[in-house]
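Each residue of the sequence shown is one higher than the one before, counting from 2 in my numbering.
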Amino acid sequence: MTPRIVSRSPGPTARFAAVVQQAGAPEQVIPWKDPARDPKFQKAIRENRVMTITLPTVGTKKDFGVVGFEREKNAAFLIFPNSLKKFAGKRIVGIKYSLLAAAKAEGKPVKAVAPKPQVRRALKAIS
């Protein structure tokens, strides 16, 4: 699936708090593998539940978001529980990271391995 190109020019905006109120608290996702090979991430893209947050590294510009998945450097991805169709084509401003949902653990928990007991050897007396 190819990513959709979303206009980044200033235009209609929406507040992040309003998006969270309508679509629920999002969860931040860090794609450790190619997003095209992650079925959960692809399902969220098809259902219009993904927001790309652009993190400017130069200057004094604030973080902003756009609905949809955009592959780029310095970006964070949020998955919302409900659709973001109402906010499509808008620039999402006023990002409050305190409104993010707590991350959920995935997979089996790893069991701690007990350390092996060390064998102490007696020193021989020098005669």
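Note that CB positions come from ideal geometry on N, CA and C, so glycine has one too.
For the pair alanine 24 and leucine 100, the CB atoms are not nearer than the 7 Å cut-off. Put simply, the backbone Cα of valine 59 is about 33 Å away from that of lysine 44.
The Cβ-Cβ distance between threonine 53 and glutamate 28 does not fall below 7 Å. At least 7 Å separates the beta-carbon of alanine 15 from that of lysine 97. Counting the other CB atoms within 10 Å of its CB gives arginine 47 a total below 16, which places it among the exposed residues. Within the same chain, and ignoring the five residues on either side of proline 82 in sequence, the residues whose Cβ sits closer than 6 Å to its Cβ are Gly25. Judged by DSSP secondary structure, isoleucine 96 falls outside any alpha helix (DSSP H); it is assigned neither H nor E. The alpha-carbon of alanine 37 is positioned some 46 Å away from that of proline 118. Within the same chain, Val68 come within 6 Å of alanine 89 by CB-CB distance, once the 5 residues on both sides are set aside. Pairing lysine 34 with proline 40, the inter-Cα distance amounts to about 11 Å. The three-state secondary structure of glutamine 23, taken from DSSP, is helix.
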